[in-house]
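In the order they appear, the protein sequences are chains X and R.
Mapped onto numbering that gives the first Met the number 0, the consecutive letters of the first sequence carry residue numbers 0 to 333.
Mapped onto numbering that gives the first Met the number 0, the consecutive letters of the second sequence carry residue numbers 0 to 328.
Every residue gets a Cβ at the ideal spot worked out from N, C-alpha and C, and that includes glycine.
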Amino acid sequence: MSITRRIFTSTVAALALTAGTSGAMAQDDPVRIALLVKALGIGFFEAARDGAMEAAEELGNVEVIYTGPTDTTAEGQIEVINSLIAQGVDAIAISANDPDAVAPALRRAQQRGITVISWDSGVAEDARELHLAPSSDALIGNTIIKLAADHLPDGGQVAVLSATSTSTNQNTWIAEMNAVMGDYPGIEVVATVYGDDLADKSYREATGLMQTYPDLDAIIAPTSVGIVAAARAVEDAGKVGEVNVTGLGLPSEMASAIDSGASQSFAIWNPIDLGYSATVLAYNLATDAAEAGPGATIPMGRMGDLTLDDSGTGAMSDPFTYDASNIERFKDVF
Amino acid sequence: MNMLRSREAQLTLAIFALLALVAWRFPAFVAPGNLAAVFNDTSPLILLALGQTVVILTRCIDLSVAANLALTGMTAAIINVMFPGMPVPLIVAGAVVMGAALGAINGILVWKLTIPPIVVTLGTLTIFRGLVFVISDGQWINAHEMTDAFSALPRAEILGLPMLSWFAIAGFAAFVLLVRYTALGRSFYAVGGNPSAAVYAGISPGRTQFLAFVLSGAVAGLTGYLWVARYQVAYVDIAGGFELDVVAACVIGGISIAGGAGTILGALLGALFLGIVKNALPVVGISPFWQLAISGAAIVIAVIANGRAQRRAGRQILKRDGPKAEGAR
Chain X
0 MSITRRIFTS
10 TVAALALTAG
20 TSGAMAQDDP
30 VRIALLVKAL
40 GIGFFEAARD
50 GAMEAAEELG
60 NVEVIYTGPT
70 DTTAEGQIEV
80 INSLIAQGVD
90 AIAISANDPD
100 AVAPALRRAQ
110 QRGITVISWD
120 SGVAEDAREL
130 HLAPSSDALI
140 GNTIIKLAAD
150 HLPDGGQVAV
160 LSATSTSTNQ
170 NTWIAEMNAV
180 MGDYPGIEVV
190 ATVYGDDLAD
200 KSYREATGLM
210 QTYPDLDAII
220 APTSVGIVAA
230 ARAVEDAGKV
240 GEVNVTGLGL
250 PSEMASAIDS
260 GASQSFAIWN
270 PIDLGYSATV
280 LAYNLATDAA
290 EAGPGATIPM
300 GRMGDLTLDD
310 SGTGAMSDPF
320 TYDASNIERF
330 KDVF
Chain R
0 MNMLRSREAQ
10 LTLAIFALLA
20 LVAWRFPAFV
30 APGNLAAVFN
40 DTSPLILLAL
50 GQTVVILTRC
60 IDLSVAANLA
70 LTGMTAAIIN
80 VMFPGMPVPL
90 IVAGAVVMGA
100 ALGAINGILV
110 WKLTIPPIVV
120 TLGTLTIFRG
130 LVFVISDGQW
140 INAHEMTDAF
150 SALPRAEILG
160 LPMLSWFAIA
170 GFAAFVLLVR
180 YTALGRSFYA
190 VGGNPSAAVY
200 AGISPGRTQF
210 LAFVLSGAVA
220 GLTGYLWVAR
230 YQVAYVDIAG
240 GFELDVVAAC
250 VIGGISIAGG
260 AGTILGALLG
270 ALFLGIVKNA
280 LPVVGISPFW
290 QLAISGAAIV
300 IAVIANGRAQ
310 RRAGRQILKR
320 DGPKAEGAR
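Structure follows, in structure tokens:
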């Protein structure tokens with residue numbers, strides 16, 4: 000596996016780099032910013048790429064290199080980071096598959112003078128200058144349980160379908176969600192299961208949840224693969240109306256689940272804004288227009304300013320809720 | 000003939016023991032409706048294991064099945080989006096032909112260039128996955144873009160079972176007939192059992208291996224359509240790593256990796272065993288952190304049982320005297 004993955008990732012990285020170079024402006028020395036994602040071919044990150052392109056156009060002197068491994072592994076990302084170091088990019092903005100496994104490679108990049116920031120899914124504090132959280136973790140944790148609770152005025156049983164058991168962001172959100180459970184009396188979290196961001200495993204886990212807990216009222220899936228698979232499992236089990244699937248998903252992927260009623264509502268921050276902000280932040284740091292540090296405020300274009308806390312983390316904005324009233328408008332956007 | 004000696008009988012017993020164990024923890028699992036659902040969920044694995052079996056019988060291995068599935072499935076989804084009016088049976092036929100063509104690439108490389116199958120299919124695995132990315136541009140094909148007819152076929156019920164299950168049943172019947180009653184089916188065993196002898200019997204090992212790859216590819220293509228239509232989503236990483244499950248199902252089913260030994264029934268039972276383990280783990284309340292370890296342990300135990308049984312099959316022609324003869328081997 001690892002051999003094929005390596006060959007393929009480096010090919011993809013090379014392709015991405017060539018594509019990036021040929022599209023470069025005639026200007027001298029553009030700032031080369033690599034947007035390194037968890038895996039290629041995930042709708043959320045493709046949308047983030049569009050935002051990064053928008054930022055590049057706005058900033059002018061920027062070349063965005065959109066890259067990542069073909070599956071969500073830290074090993075794959077390390078290969079890509081090494082290739083980016085060899086290419087001598089100016090900045091790397093990473094959404095990490097594992098906070099610690101990629102840290103040594105990122106530190107090596109920093110030693111070579113490359114600006115490193117993390118976004119979406121963070122890395123160890125000393126391996127990046129700042130972390131751009133899509134929203135504050137506390138806000139997301141509260142949002143996902145609120146989405147379920149809003150449709151359960153009399154209380155009920157909910158279960159969580161997560162990605163992998165080591166996913167940094169999913170685990171943080173679930174912890175934050177559990178921290179505010181006191182605000183939702185009558186809502187009981189009966190189980191947390193892991194679908195590993197694979198459609199078939201997530202489907203099976205969701206089916207298992209409905210069997211194990213016949214009175215289950217909602218499945219919260221804070222991951223875009225899981226929420227789609229859970230909605231499909233609810234439809235196939237004929238439990239539309241009994242079990243509400245909610246969590247974090249993309250409008251294009253969730254449109255049919257909203258139509259069928261398997262999902263009442265779900266939330267996501269805007270990935271286009273996220274890719275845009277990450278690119279502008281990386282640009283500002285790479286060109287020394289701004290300095291990262293505790294309490295620092297860094298401009299991120301049309302998204303306002305990012306204020307960092309003591310750990311160098313800043314939140315972009317609140318998650319946005321999608322339901323039957325606005326899904327039509329967004330399903331073709333991302 | 001001692002019934003309990005056969006791999007299939009042992010495996011059937013193991014499956015019943017497994018079901019009993021799960022039922023003890025979670026009785027609703029063995030309700031007929033749920034068993035049908037488990038069978039349905041296992042159908043893609045069964046189909047791929049059938050194709051893999053004939054490949055392994057000829058002393059080859061096809062690691063590209065899951066990537067073939069992904070490429071064909073993605074192509075079927077894209078065609079459905081671009082030409083919504085195209086009838087579904089045509090798409091299914093197209094998927095089978097495309098899968099067979101991809102399998103033929105493996106077959107040609109193994110046959111004409113005599114490259115080891117594991118290297119060939121490792122290469123095509125990477126190429127196929129890469130092509131999925133190229134043709135889809137990394138984008139997902141989502142449920143609302145697919146036509147209703149496209150995604151309805153695997154779900155359509157006949158006699159209470161979804162079409163997906165019927166495809167697996169029909170595939171099983173077809174493969175049993177193929178390997179038992181056709182010259183091609185027998186030549187799979189002949190080539191795997193003793194290639195030199197097969198040549199003297201007028202069978203071309205290369206051509207037979209080629210046809211095995213084509214068969215495996217065709218089945219993978221069909222499964223590609225079924226997979227995408229069932230989960231109503233097509234993306235680059237669908238069925239990632241599934242080829243290992245397929246090979247595991249075959250090995251558990253008693254198909255000898257050395258070729259020439261094993262039955263289609265064994266492959267079916269091996270796939271069912273894995274399918275039951277996968278479906279049972281989420282409901283029996285075992286910590287998710289243990290699930291992978293348990294899945295893996297089940298495979299290792301089955302393979303150990305395999306190895307022990309196969310050793311017994313070896314025949315000692317010249318017997319030594321004395322009770323120690325057995326250990327001297």
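Would you kindly work out how many angstroms separate the C-alpha atoms of A90(X) and V30(X), rounded to a whole number?
Position 91 of the first sequence, counted from the first residue, corresponds to residue 90(X). Position 31 of the first sequence, counted from the first residue, corresponds to residue 30(X). For A90(X) and V30(X), the distance between alpha carbons rounds to 8 Å.
Which residues does DSSP pair with V329(R) in a beta bridge?
Summary: the structure shown does not reach residue 329(R), with chain R confined to residues 0 through 328, and so no result is reported for it.
Taking E241(X) as the reference, which of T142(X), L280(X), S259(X) and A54(X) has the closest Cα?
Here residue 241(X) corresponds to residue number 242 of the first sequence, with the count starting at 1. Looking from the CA of E241(X), the closest CA among T142(X), L280(X), S259(X) and A54(X) belongs to S259(X).
Could you name the residues of the same chain whose beta carbon sits closer than 8 Å to that of L267(R), not counting the 5 residues immediately before and after it, in chain order?
Residue numbering aside, residue 267(R) sits at position 268 when the second sequence is read from its first letter. So the list reads I45, A48, L49, F171 and G252, once near-sequence residues are dropped.
Output, in sequence order along the chain, the residues in the stretch 15-40 of chain R whose CB is closer than 8 Å to any CB in chain X.
The residues in question are F25, A27, F28, N33, A36 and D40.
Quick check on this structure: which residue in A292(R), T113(R), I157(R) and L56(R) has the alpha carbon closest to the alpha carbon of A260(R)?
Taking the first residue of the second sequence as 1, we reach residue 260(R) at position 261. Here the closest residue by C-alpha is L56(R).
Would you mind sorting K111(R) into buried or exposed? The rule is 16 or more other CB atoms within 10 Å of its CB.
Taking the second sequence and counting its residues from 1, one reaches residue 111(R) at position 112. By the neighbour-count definition (other C-beta atoms within 10 Å, threshold 16), K111(R) is an exposed residue.
If you drop the 5 nearest sequence neighbours on each side, which residues of the same chain put their C-beta closer than 7 Å to that of I14(R)?
Position 15 of the second sequence, counted from the first residue, corresponds to residue 14(R). Scanning its chain for C-beta atoms nearer than 7 Å, with the 5 sequence neighbours on each side dropped, one finds around I14(R) the residues L268, L271, F272 and I275, in chain order.
Which of the residues in the stretch 64-96 of chain X, read from start to end, lie with their CB under 7 Å from any CB of chain R?
Residues of the stretch 64-96 of chain X whose Cβ lies closer than 7 Å to any Cβ of chain R, in chain order: T69 and D70.
Whole angstroms are fine: how far does the CA of K330(X) sit from the CA of I219(X)?
Within the first sequence, the letter at position 220 stands for residue 219(X). Within the first sequence, the letter at position 331 stands for residue 330(X). Looking at the backbone, the Cα of I219(X) and that of K330(X) are separated by about 21 Å.
Alpha carbon to alpha carbon, how far is Q330(R) from Q231(R)?
Summary: the structure shown does not reach residue 330(R), with chain R confined to residues 0 through 328, and so no result is reported for it.
Closest by C-alpha distance to N177(X), when choosing among D214(X), L138(X) and P250(X)
Within the first sequence, residue 177(X) is the residue found at index 178, counting from 1. The shortest Cα separation from N177(X) among D214(X), L138(X) and P250(X) belongs to L138(X).
Alpha carbon to alpha carbon, what distance is there between S223(X) and P293(X)?
Indexing the first sequence from 1 puts residue 293(X) at position 294. Indexing the first sequence from 1 puts residue 223(X) at position 224. Take the alpha-carbon of P293(X) and the one of S223(X): they are about 32 Å apart.
Within 10 Å of its beta-carbon, does T71(X) have 16 or more other beta-carbons around it, so buried, or fewer, so exposed?
Numbered from 1 along the first sequence, position 72 holds the residue referred to as residue 71(X). Burial state of T71(X) is buried, judged by a 10 Å Cβ sphere holding 16 or more other Cβ atoms.
Selection from T211(X), N283(X), A205(X) and E128(X) that minimises the alpha carbon distance to N60(X):
If you number the first sequence from 1, residue 60(X) lands on position 61. Looking from the CA of N60(X), the closest CA among T211(X), N283(X), A205(X) and E128(X) belongs to N283(X).
Cα-Cα separation between T20(X) and A190(X), rounded to whole angstroms
What you label residue 20(X) is simply residue 21 of the first sequence in a count that begins at 1. What you label residue 190(X) is simply residue 191 of the first sequence in a count that begins at 1. Residue placement at T20(X) is poorly supported in this model, since its pLDDT is 43, which falls under 50; the coordinates still yield a value, given next. Rounded to the nearest angstrom, the two C-alpha atoms are 48 Å apart.
State yes or no: is the C-beta of A92(X) within less than 7 Å of the C-beta of A277(X)?
Within the first sequence, the letter at position 93 stands for residue 92(X). Within the first sequence, the letter at position 278 stands for residue 277(X). Result yes, Cβ atoms of A92(X) and A277(X) sit closer than 7 Å.
Counting only beta-carbon separations shorter than 7 Å, does Y230(R) have a partner in chain X?
Numbered from its first residue, the second sequence carries residue 230(R) at position 231. Under the Cβ criterion of 7 Å, Y230(R) is counted among the residues facing chain X.
When you compare the CB of L39(X) with every CB in chain R, is at least one pair closer than 7 Å?
As a position in the first sequence, residue 39(X) is number 40, starting the count at 1. At least one chain R Cβ lies under 7 Å of L39(X).
Nearest residue (CA-CA) to A95(X), options A108(X), V36(X) and V192(X)
The residue labelled residue 95(X) in the question sits at position 96 within the first sequence. Ranking the options by Cα distance to A95(X), first place goes to V36(X).
For F132(R), decide whether its Cβ has a neighbour in chain X, counting only Cβ atoms nearer than 7 Å.
Locating residue 132(R) in the second sequence gives position 133, counting from the first residue. Interface residue, yes.
Span separating the alpha-carbon of L131(X) from that of A174(X)
Here the question's residue 131(X) lines up with position 132 in the first sequence. Here the question's residue 174(X) lines up with position 175 in the first sequence. Distance between the alpha carbons of L131(X) and A174(X): 19 Å.
Classify I263(R) as buried or exposed, calling it buried when 16 or more other Cβ atoms lie within 10 Å of its own Cβ.
As a position in the second sequence, residue 263(R) is number 264, starting the count at 1. Buried, by the Cβ-count rule.
Helix, strand or coil: how does DSSP classify A25(X) here?
Counting from one through the first sequence, the residue named residue 25(X) turns up at place 26. Its pLDDT being 41, under 50, A25(X) is placed unreliably in this model, and the coordinates cannot settle the point.
What residues in the stretch 110-126 of chain X have a beta carbon less than 9 Å from any beta carbon of chain R?
Within the stretch 110-126 of chain X, no residue has a Cβ that lies closer than 9 Å to any Cβ of chain R.
From the DSSP output, in three-state form, read off E156(R) for me.
Reading the second sequence from its first residue, position 157 is the one you call residue 156(R). In this structure, DSSP gives E156(R) an extended state, which the three-state scheme calls strand.
At the 7 Å Cβ level, is R31(X) part of the contact set with chain R, yes or no?
Mapped onto the first sequence, residue 31(X) falls at position 32. Judged by the 7 Å Cβ criterion, R31(X) is not in contact with chain R.
Give me whichever residues DSSP pairs with V188(X) in a beta bridge.
For this step, residue 188(X) is matched to residue 189 along the first sequence. In DSSP, V188(X) forms a bridge with V157(X).
Residue-chain proximity (A247(R), chain X), Cβ-Cβ < 7 Å:
Here residue 247(R) refers to the residue found at position 248 of the second sequence. Between A247(R) and chain X, the shortest Cβ-Cβ separation is not below 7 Å.
To be precise: take each residue of the stretch 212-224 of chain R, compare its Cβ to all Cβ atoms of chain X, and keep it if any distance is under 7 Å. Which residues remain?
In summary, no residue of the stretch 212-224 of chain R has a CB separated from any CB of chain X by less than 7 Å.
Contact between the stretch 217-232 of chain R and the stretch 178-192 of chain R (3+ Cβ pairs under 8 Å):
Three or more Cβ pairs closer than 8 Å define a contact, and the stretch 217-232 of chain R falls short of that threshold against the stretch 178-192 of chain R.
For a contact defined as C-beta to C-beta under 7 Å, what are the partners of G207(X) on chain R?
Indexing the first sequence from 1 puts residue 207(X) at position 208. Neighbours of G207(X) across chain R, judged by C-beta separation under 7 Å: P281 and V282.
Compare the C-beta of M0(R) against all C-beta atoms of chain X and say whether one is closer than 7 Å.
As a first step, residue 0(R) must be located in the second sequence, where it is residue number 1. Per-residue confidence for M0(R) stands at a pLDDT of 45, beneath the threshold of 50, marking its modelled position as unreliable; no derived number is given.
Is there a Cβ of chain X sitting closer than 7 Å to that of D61(R), yes or no?
What you label residue 61(R) is simply residue 62 of the second sequence in a count that begins at 1. D61(R) does not count as touching chain X.
Span separating the alpha-carbon of T320(X) from that of A281(X)
Within the first sequence, numbered from 1, the residue matching residue 320(X) stands at position 321. Within the first sequence, numbered from 1, the residue matching residue 281(X) stands at position 282. Each residue's Cα considered, the two are about 28 Å apart.
Drop a sphere of 10 angstroms on the beta-carbon of I90(R), count the other beta-carbons inside from all chains shown, and report buried for 16 or more, exposed for fewer.
Along the second sequence, read from residue 1 onward, the residue named residue 90(R) stands at position 91. Under this definition I90(R) is a buried residue.
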